[in-house]
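First up is the structure itself, then whatever we jot down about it.
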Amino acid sequence: MKFIVSLCVLFSFTGLFGQEQLPAAFELGTVNEKAYEQLTQDYNQSLLEAAGFDMTKAFDQWVGLMKEVDAYAAKINYDLKGVQAFLQVFWSPDGSIDHIGYLLRPDSRNFTEKEKQELSAFFSSFARNHKFALKGARKFNHYTEVTFPTVVEKAN
1 MKFIVSLCVL FSFTGLFGQE QLPAAFELGT VNEKAYEQLT QDYNQSLLEA AGFDMTKAFD
61 QWVGLMKEVD AYAAKINYDL KGVQAFLQVF WSPDGSIDHI GYLLRPDSRN FTEKEKQELS
121 AFFSSFARNH KFALKGARKF NHYTEVTFPT VVEKAN
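Using the UniProt record's numbering, read the sequence shown as starting at 1 and increasing by one per residue.
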């Protein structure tokens, strides 16, 4: 009987050991699908909801973040010009960025595999060095299209 209980306990933890931790920045569609699905479930609050359903506030926060990405790229001399992507950012409630997922659009400038790794490294570095001004009651995320350099202005 002890043997059966021990096996049940062992197999119940096996799934936990097999779960892949996603990197701070990753190309969407190239990571473990189950880990990504779990990430989207864990960060199920939207940026709009975190902003109190204030569309202008959410928009201004997002545009501000994109301008900070541009400024960070200029600071470290990383060329983002011509990057067009789908971007998904995952925040902790305190505004720190936990993950950035991206998928280059077909109309983006061309990237070699090495350049994609450099882009992931850039986003990882940005995530480590940036804290979002907006705080949430729980983990939140935002998914949208982006183009660099950022040319849109805040509403306020």
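Glycine included, C-beta positions come from ideal geometry on N, C-alpha and C. None of these values were measured; they are calculated from a predicted model.
At a Cβ-Cβ threshold of 7 Å, residue 58 and residue 124 do not count as neighbours.
Counting only the Cα atoms, residue 75 lies some 20 Å from residue 116. With a threshold of 16 other beta carbon atoms within 10 Å, residue 141 meets it and is buried. According to the DSSP assignment, residue 56 belongs to no beta strand (DSSP E) but to the alpha helix (DSSP H) extending over 55 to 75. Burial is judged here by how many other beta carbons sit within 10 angstroms of a residue's own beta carbon; residue 137 has fewer than 16 and is exposed. Where residue 126 is concerned, the enclosing alpha helix (DSSP H) starts and stops at 113 to 129. In this structure, the beta-carbon distance from residue 39 to residue 65 does not fall below 7 Å. Beta-bridge partners of residue 89 (DSSP): 100 and 142. DSSP places residue 35 within a helical segment (H, G or I) once states are collapsed to three.
Straight across, the Cα-Cα distance linking residue 107 with residue 84 is about 7 Å.
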